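In terms of the numbering used here, the sequence shown opens at residue 2 and continues consecutively.
Following: one structure in C-alpha cells, then a few remarks.
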Amino acid sequence: MRKEYDFSKSVKNPYAKHLKKQVTLRLGVDVIDYFKQLSTETGVPYQNLINLYLQDCAKSNKKLKLNWAS
Numbered sequence: 002m003r004k005e006y007d008f009s010k011s012v013k014n015p016y017a018k019h020l021k022k023q024v025t026l027r028l029g030v031d032v033i034d035y036f037k038q039l040s041t042e043t044g045v046p047y048q049n050l051i052n053l054y055l056q057d058c059a060k061s062n063k064k065l066k067l068n069w070a071s
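This is how it looks when you write it as C-alpha cells:
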C-alpha cells in the first residue's frame, strides 16, 4: 500500500443521493407476515418489497385517508 494517495482528480459518487438510510420502524406482525408471504411468492426479500411499496406511495403522492370518528 502507498503511504499517500492522490484524490485531486476524483469525482463525486453520482449514486450517493440514491443510497438507503437505516431506520427503525415498528410494524404490526400482520404487516410483516403479509410481506414475508409476498416475498416467498415473488422471490424478492420482504424488506425490499416494503421499500418498493413505500417508494410507489411516495412517487404517486398517495395520501392515507383516516376516519377517527367511531
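Don't be surprised by glycine CBs; every beta carbon is placed ideally from N, CA and C.
Here the structure is a predicted model, which means the values were calculated and not measured.
Query                                                                                                                                                                    : Result
Roughly how far, in whole angstroms, is the beta-carbon of Lys37 from the beta-carbon of Tyr47, given that I think they are within contact range, below 8 Å?             : 5 Å
DSSP on Leu50, reduced to helix/strand/coil?                                                                                                                             : helix
Excluding the five sequence neighbours on either side, which residues of its own chain have a C-beta within less than 6 Å of the C-beta of Leu39, listed in chain order? : Leu50
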